[in-house]
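Throughout, this note's numbering is defined as the position within the sequence shown, counted from one, plus 142. Idealized CB from N, CA, C, for every residue including glycine. Step one of this worksheet: look at the structure below.
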Amino acid sequence: MARIRRERPVLLAAILSALAALAAGMNKWVVLVLLLVMIFTALFNEAPVIKADPALPVEIEPELPPSRLPEVSATLAGLDIPVMVLSDDASVLFQNRAAEKAFGEVALGAHISARLRSPGVLDMVRETIATNAPNQIEHAERLPSERVYIVRSAPVEFAAEDRPRERYFILSFRDISEVRRIDRMRSDFVANASHELRTPLASLRGFIETIQGPAKNDLKAQARFLNIMLDQTTRMSRLVDDLLSLSRLELKSHIAPDEKIDLVPLLGHVRDALVPLARDVGVDINLHLPEGKVEVLGDRDELVQVFENLMENACKYGQEGEIVDVWLKNGTGQPVEVSIVDKGPGIPAEHVPRLTERFYRVSIEDSRSKKGTGLGLAIVKHILTRHRARLIVKSEVGKGTEFTVRF
Numbered sequence: 143m144a145r146i147r148r149e150r151p152v153l154l155a156a157i158l159s160a161l162a163a164l165a166a167g168m169n170k171w172v173v174l175v176l177l178l179v180m181i182f183t184a185l186f187n188e189a190p191v192i193k194a195d196p197a198l199p200v201e202i203e204p205e206l207p208p209s210r211l212p213e214v215s216a217t218l219a220g221l222d223i224p225v226m227v228l229s230d231d232a233s234v235l236f237q238n239r240a241a242e243k244a245f246g247e248v249a250l251g252a253h254i255s256a257r258l259r260s261p262g263v264l265d266m267v268r269e270t271i272a273t274n275a276p277n278q279i280e281h282a283e284r285l286p287s288e289r290v291y292i293v294r295s296a297p298v299e300f301a302a303e304d305r306p307r308e309r310y311f312i313l314s315f316r317d318i319s320e321v322r323r324i325d326r327m328r329s330d331f332v333a334n335a336s337h338e339l340r341t342p343l344a345s346l347r348g349f350i351e352t353i354q355g356p357a358k359n360d361l362k363a364q365a366r367f368l369n370i371m372l373d374q375t376t377r378m379s380r381l382v383d384d385l386l387s388l389s390r391l392e393l394k395s396h397i398a399p400d401e402k403i404d405l406v407p408l409l410g411h412v413r414d415a416l417v418p419l420a421r422d423v424g425v426d427i428n429l430h431l432p433e434g435k436v437e438v439l440g441d442r443d444e445l446v447q448v449f450e451n452l453m454e455n456a457c458k459y460g461q462e463g464e465i466v467d468v469w470l471k472n473g474t475g476q477p478v479e480v481s482i483v484d485k486g487p488g489i490p491a492e493h494v495p496r497l498t499e500r501f502y503r504v505s506i507e508d509s510r511s512k513k514g515t516g517l518g519l520a521i522v523k524h525i526l527t528r529h530r531a532r533l534i535v536k537s538e539v540g541k542g543t544e545f546t547v548r549f
């Protein structure tokens, strides 16, 4: 039955030929014999099989080469900057771990707009796909934290004689947040330093012009003006000294000190040096020191500068509490800590994170009246960074402030 079904076109042709012969007047017995011969030949004779010559090469249908996308993805996976691979329709084909960390995971095959909503970035991607030319823009992310990126889109093409043409688009993000922050700090620093120097210089110029003019023969006025001028020059000298200290600390911030320093006698020395100042503002400095040595790796002069700054600030700004307590803690298995506690008016919470910024002041007038330069806590922070230590600030308005140095 299978053979009949396979030879059905031949059998049908034989029957049609027999009918045509009968219609033409041929003898019916002759037609019947011819028809039987044709049917027998179709059903019982195999078609000749042509065997391939093993000496001749056999042509095999070539398989399409694999895509280059896995190669591109494997290369980009090791980069520490966020990178995405896009298709011709801006669908995400791959994103490395840095991109997942920065922007969250996106489903492969989804359009780039499902993750990035910035019109600038999307327009740049569309332009790169349309023109096949690289582009870049600056892009800022506000959440979860403020970050600034240089976003670059560029085409990547693969073309070879034995491969079909492939085209992908690489979207990379270079984080320049720290560069922008440093630039902003530098411009703020120049502006603040210029302002701090301009004020005493303007004062000096005014007094000199007065002494040369209206007060030329007024010895009493001259004496008063000269005292003020001395205060202003002293203030500028302190400011210049602090600026030089910051520059020196920044140059060697990567070099950790390796000298063993005993904090017990060091804190005693700092307290003794500040007794006259404390007496003038009506404050007692009380030391609470453990028995024996408490040693840390450090630079003695720099640590003296740290604790002088912190104790002096506690005396000046916490003088209403009349007492400054200095605690040295050295518990077993615990880090060495020095805490300077005053019982003054305290610092509002919104100011605490910015206390170590250069020229930052909670109260400008109060700071200037106490002859502060606005750089003391910035110097403390840089010294402690070099010592691989931390400055922890706790304050409550109306109850006082605690500065803790943790080694």
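When secondary structure is reduced to three states using DSSP, GLU444 falls in the helix class. For PHE311, the closest of SER319, ARG322, ARG294, ILE324 by C-alpha to C-alpha distance is ARG294. Annotation for VAL267: LEU228, ALA232, ILE254, SER295, PHE311, LEU313 place their beta carbon closer than 8 Å to its own, counting only its chain and skipping 5 residues before and after. Taking 8 Å as the cut-off, the beta carbon of VAL263 is found no closer than this to the beta carbon of ARG257.
In the DSSP assignment, ALA296 forms a beta bridge with ILE312. In this structure, the alpha-carbon of PRO487 lies about 20 Å from that of LEU533. The DSSP-derived three-state label of LYS402 is strand.
Just so you know, the alpha carbons of HIS524 and GLU492 end up roughly 22 Å apart. Here the stretch 382-396 makes no contact with the stretch 420-428; the two share fewer than three CB pairs at distances below 8 Å. Distance from the CA of PHE367 to the CA of HIS337, rounded to the nearest whole angstrom, comes to 22 Å. Taking every protein chain shown into account, the CB of ILE350 has fewer than 16 other CB atoms within 10 angstroms, so this residue is exposed. Note on geometry: alpha-carbon atoms of ASN428 and ASN472 lie some 18 Å from one another. Cβ neighbours of PHE236 within its own chain (closer than 6 Å, five residues either side excluded): SER215, VAL227.
At the C-beta level, GLY440 and HIS529 come within 8 Å of one another. Annotation for ALA244: the continuous alpha helix (DSSP H) segment containing it runs 239-245.
By the C-beta criterion, the stretch 438-457 is judged to be in contact with the stretch 402-417, since at least 3 inter-stretch pairs fall below 8 Å. If you keep only unbroken alpha helix (DSSP H) runs of at least 4 residues inside the stretch 310-346, you get nothing at all. Annotated three-state conformation of SER229 is coil, per DSSP.
DSSP, reduced to helix, strand and coil, places LYS471 within a strand of the structure shown. Selection ASP230, ALA240, PRO212, VAL234 evaluated against GLY220 yields ALA240 as nearest (Cα-Cα).
Put simply, of ALA282, HIS411, SER319, ILE482 the residue whose alpha carbon is nearest the alpha carbon of TYR459 is ILE482.
In the displayed model, SER481 falls within a strand according to three-state DSSP.
Below 8 Å, enough C-beta pairs join the stretch 404-418 and the stretch 443-452 to call them touching: three or more. Residue burial is scored here from C-beta neighbours: ASN238 has at least 16 other C-beta atoms within 10 angstroms and is therefore classed as buried.
Straight through space, the alpha carbons of GLU499 and LEU343 are spaced by roughly 24 Å.
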